[in-house]
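Enquirer: Numbering (full-length UniProt numbering), first residue to last: 1 to 1107.
The structure follows.
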């Protein structure tokens, strides 16, 4: 019977498998034909997946759906134990009205496994807001850990260039606010066609509109911008015609090219240089005007340089789900898609030295990008000027794209030193800050193995057997990394032509070696510049100006930022921190781009509101809290029903467990109670003691009770319970936001000095406190990576900005904020992994919340990963300060240490997380004027002990004497060369010829006491040991020198200032056991006389030296 049964079963299985293969092959063939037909005028959805796939998310009544896609997710039941699930419902329902008690457990392996098997078969459905699906057995809380592995096209196998379906468990991309319809909104029919006549806003643009009616397919065109002098322009046009790409046109900048293209029957649009722009800067500025005109009439643009070689028609390979879809200058997963890089500040001690991370990413390639169209009023008219073409980017016709072009047009016309590519990239990557309001455009990075830069082509693809043309065919290559552009394009075209071989790339002599180095490898010998240059920087130009909300007026714009800072300091001294303008929101762009100010709005959109916040209406609370939700939803809704205030009054969400009791008490009494905010607080109590304390402090009516976390921490149990607390905080936030209420997620370790409600701009989905401490770190800058192997193109530009703090984040009740909160909650519990490069560095990061929040905020969509798309704003770092800024800089600064002149709105103990007694010192200082309490704490870790305080006072007194002596302390020193060489520090200094100063080189201590710096010559000398000499011993006669020099200090004078330098081993300040290394004097911390400014310097490792 077994034999017969086996044969009877085997044959149907084999037949079924064969039938399945045949059906799959047919469907793949039809899908491919469908993709190819997109640009033959036959498609409706606009692209293979994303037209119909995303439409339902934002259509009409389905705009605020709450069902959540969970395919591929493991739904973990959090309960006291598996056996306790049955009693959970009774426990929850019988809880007191003031405390919603939810059963929890740190062990969820078995339930996770069971849930995973069932959820993996569930179908994907669109999602915008948190689920209200029925609770599992017993009413226990359902937690969905998300094991997120970011797509990495460089990790085999490569999956081809067709758009990937979104990965399970990730929300749909941000809805596009399109111009001229076609975005799945009220102006779109069920089949995806628009009910609005197209193009739109054609008054004054009749020629362009008529051309687009004849040329565009599905409201999009491939555009090159050139004049007759552009090298290879005619060959490029011929190549595009042969592909073919029927919706291709050329923006011509002179009559010669325009007439020649007419003879070739190529669609063309003449743009006249009415302003006579010349020079690369002025001409570059005009490209934004050209794009703005196309976008303004509702046409999405795939803009291309003429040095791009196309292998395939690019349109079937676009996602079209973001405002900007761009090639990258990156050459691996990290550089192309961004990563969080560690910043190390040894001066902060073991507890805070590695708190900060920096989001880093290579520049978007300006040769190919696509801009989508946006609807605006017919009164708009562009300034017609010439422009340079960019590589390959797809810009969707949206409000955000139009605003992006408007901002860049304004900046290029008003900032003579702005490089267009750097400005464009930083506008896209960085958050809004102070009066600088960004466009809020969402970003998708094109697959770097499909839309290829020439570094990837010559150094990755041609060396990889898995990427040979028999297995992989890219869409296009931009010859941006090599000077012989025409030759590289010819070589690539020959290789991908029938019969072509790899010999087509030969000879390839420069920038052609395989295995390009990672950023970590390229910067290994440049830590002094990459790390120290920001660790101790103190540039408060924009931040100081932004601390005064009324400082920027239209008249101030001509004075520049420094002039405005002078004005702010005058007001700071004259009016002080009680002035109504202090820390108040500034007018965006000083009114210069006022017509493009963002605001919250509903359909239909108009030109004055180009950036839409997709706001959840307060009426949605009835849907969320109307029953049928899980236990956590019910508990949260119960707490929210007791919170006072309207939708514009933010709820304060605080998560606390047994370790947060002291901080919670301080925040509640000296913060919430003093400011009369207690009735707007929701406490997520993750321990019985926290719930009890909240009730004692008068917060009991709004407690959401979720988990026990005060158990021992052996075997990682404590870490898991900490993650549960943080995950529940974000889930509670998602529920609150989806009821239409704004929320401030605030860590208990925060000194709340003023009610922050009136200090938020409310023009972004998320406004967060920065881990940075000055303009460079908090607001970001154009960072350059040097790859010597690339010769002419060795310097790769990109963005770098420090992380933001999930412990102080203000969220508007928008769909994107909810999506972000849900993602962070899921990732906190998941075993999230980083891609490529330095992944171990990220896997070892214990702060899951910090990493998950920042990656959700900064990483762009790429491949199957779609970002939440939240619009970002970084809060002013002087008004919303972290504890590094407060203790290392503010309390020592000549201007800002006076609390009457400057007082922050809040101070987060992000760099001193468990030293909660610092909170009392901050309150005492800013509320009562007690300076001693603040000064009792070190910059890094701990209170100065009596011995440490005495030693610190002794050093301070000695440093003060040296500072008082000024330049004479160094110039008149009588330590001889023999005495210097007899000291260990002197020997080390003589051994190393080059040092850095705040990351800047060269900086050299010469053996004769002279100092060579980038700011001119200076002098240096050893100093007598503390307590053994006076100033006269240093600056007096030789007979007065009777004591040995200090073993670790010297004084240096240059550029009109005197500095006291204290040397140490690099890992001397609390680096972990077994970490670091370094020699005894390989770094120093310098304190400048006069204002106490602190910088870090170190011995520079020369090429060939050990690293």
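Built from N, CA and C at the ideal position, the CB exists for glycine as well.
Because the structure is a prediction, the values reported are computed rather than measured.
Quick check: what's the CA-CA separation for residue 1108 versus residue 264?
Expert: Any question about residue 1108 goes unanswered here, given that the chain covers just 1 to 1107.
Enquirer: Over what stretch of residues does the beta strand (DSSP E) that includes residue 454 continue unbroken?
Expert: From DSSP, residue 454 is part of no beta strand (DSSP E) but of the alpha helix (DSSP H) over 454-459.
Enquirer: Which residues in the same chain have their Cβ closer than 7 Å to the Cβ of residue 864, if we skip the five residues on either side of it in sequence?
Expert: 151, 164, 165, 166 and 167.
Enquirer: State the Cα-Cα distance for the pair residue 853 and residue 820, rounded to the nearest angstrom.
Expert: Those two C-alpha atoms are separated by around 8 Å.
Enquirer: Less than 8 Å between C-beta atoms, sequence neighbours within five positions excluded: which residues of the same chain meet that for residue 344?
Expert: If we look at residue 344 and ignore the five residues flanking it on each side, its Cβ neighbours are 353, 354, 531 and 535.
Enquirer: Taking Cβ to Cβ, would you say residue 876 is nearer than 8 Å to residue 583?
Expert: Their beta carbons are under 8 Å apart, which means residue 876 touches residue 583 by this criterion.
Enquirer: Would you mind giving the Cβ-Cβ distance between residue 1004 and residue 995, rounded to the nearest angstrom? I have them listed as a contact below 8 Å.
Expert: So it is a contact: roughly 7 Å between Cβ atoms.
Enquirer: Closer than 6 Å by C-beta to residue 510: which residues in its own chain qualify, once you throw out the five before and the five after it? Chain order, please.
Expert: The residues are 791.
Enquirer: Compare the C-alpha of residue 223 against each of 727, 231, 317 and 246 and name the closest.
Expert: Selected option, being the one with the closest Cα: 246.
Enquirer: Do residue 1093 and residue 538 have their CB atoms nearer than 8 Å?
Expert: Cβ atoms of residue 1093 and residue 538: closer than 8 Å.
Enquirer: Given a cut-off of 8 Å on the beta-carbon distance, is the pair residue 269 and residue 295 in contact?
Expert: Against a cut-off of 8 Å, the Cβ pair of residue 295 and residue 269 comes out as no contact.
Enquirer: Please state whether DSSP places residue 342 in a helix, a strand or coil.
Expert: Strand at residue 342.
Enquirer: Considering only the alpha carbon of each residue, which of 314, 884, 347 and 619 lies closest to residue 243?
Expert: Considering only alpha carbons, the answer is 314.
Enquirer: Run through the segment 745-830 for me and flag every whole alpha helix (DSSP H) of 4 or more residues, listed as ranges in chain order.
Expert: Fully enclosed alpha helix (DSSP H) runs of 4 or longer: 815-829.
Enquirer: Assess contact between the segment 881-892 and the segment 931-939, defined as three or more Cβ pairs (one per stretch) separated by less than 8 Å. Is contact present?
Expert: Short answer: they touch.
Enquirer: Spatial neighbours of residue 959 within its chain, please: CB distance less than 6 Å, with the 5 preceding and 5 following residues excluded, ordered by chain position.
Expert: Contacts found: 1060.
Enquirer: Check for me: the alpha helix (DSSP H) holding residue 302 runs from which residue to which?
Expert: Where residue 302 is concerned, there is no enclosing alpha helix (DSSP H), although the beta strand (DSSP E) it sits in stretches over 300-304.
Enquirer: Taking buried to mean at least 16 other C-beta atoms within 10 Å of its own C-beta, is residue 60 buried or exposed?
Expert: Residue confidence for residue 60 is low, a pLDDT of 31 falling below 50, so the modelled location carries little weight and cannot support an answer.
Enquirer: Determine the extent of the alpha helix (DSSP H) in which residue 423 is found, giving its start and end residues.
Expert: Residues 420-429.
Enquirer: How is residue 730 classed by DSSP in three states: helix, strand or coil?
Expert: In the structure shown, residue 730 sits in a helix (DSSP, three-state: H, G or I).
Enquirer: Check the Cβ-Cβ distances between residue 259 and every residue of chain C, and say whether any is below 8 Å.
Expert: Absent from the structure is chain C; it holds one protein chain and no more.
Enquirer: Can the beta-carbon of residue 239 be found less than 8 Å from the beta-carbon of residue 299?
Expert: No, the pair does not count as a contact, with Cβ atoms beyond the cut-off.
Enquirer: Enumerated in chain order, which unbroken segments of the beta strand (DSSP E) with a length of 3 residues or greater are wholly contained in the segment 648-718?
Expert: With a minimum length of 3 residues, the continuous beta strand (DSSP E) runs that stay inside the segment 648-718 are 651-656, 681-685 and 703-705.
Enquirer: Rounded to whole angstroms, what's the CA-CA distance from residue 640 to residue 902? Just pull it up for me.
Expert: Cα to Cα, the separation comes out at about 35 Å.
Enquirer: Restricting to Cα atoms, I'd like to know which of 660, 807, 496 and 205 is closest to residue 476.
Expert: Selected option, being the one with the closest Cα: 496.
Enquirer: From 638, 857 and 670, pick the residue whose C-alpha is nearest to that of residue 684; which is it?
Expert: Considering only alpha carbons, the answer is 638.
Enquirer: Give the list of continuous alpha helix (DSSP H) stretches no shorter than 4 residues that lie fully inside the segment 968-1013.
Expert: Correct list: 968-971, 977-982 and 984-991.
Enquirer: My guess is that residue 396 and residue 365 are in contact by the Cβ rule of under 8 Å, so how many angstroms apart are they, rounded?
Expert: At roughly 17 Å, the Cβ-Cβ gap does not stay under 8 Å, so residue 396 and residue 365 are not in contact.
Enquirer: Within a Cβ cutoff of 6 Å, which residues of the same chain sit near residue 747, ignoring the five residues on either side of it in sequence?
Expert: 807, listed in sequence order.
Enquirer: Excluding the five sequence neighbours on either side, which residues of its own chain have a C-beta within less than 7 Å of the C-beta of residue 514, listed in chain order?
Expert: The residues are 459 and 463.
Enquirer: Give me, in chain order, the residues of the same chain whose beta-carbon lies closer than 7 Å to that of residue 929; leave out the 5 immediate sequence neighbours on both sides.
Expert: Here the set comprises 899.
Enquirer: Looking only at C-alpha atoms, which of 231, 254 and 286 sits nearest to residue 406?
Expert: That would be 286, whose Cα lies nearest to the Cα of residue 406.
Enquirer: Can you check DSSP and say which residues form a bridge with residue 160?
Expert: Looking at the DSSP assignment, residue 160 forms no beta bridge with any residue, so it has no partner.
Enquirer: Can you check DSSP and say which residues form a bridge with residue 478?
Expert: The partner list for residue 478 (beta bridge, DSSP) reads 308 and 453.
Enquirer: With respect to the alpha helix (DSSP H) encompassing residue 365, which residues constitute its N-terminal and C-terminal limits?
Expert: Element bounds for residue 365: n/a, residue is neither H nor E.
Enquirer: Just checking residue 982 against the ligand MN - is the residue's beta carbon closer than 7 Å to any of the ligand's heavy atoms?
Expert: Although the ligand MN was asked about, the structure shown includes no ligands whatsoever.
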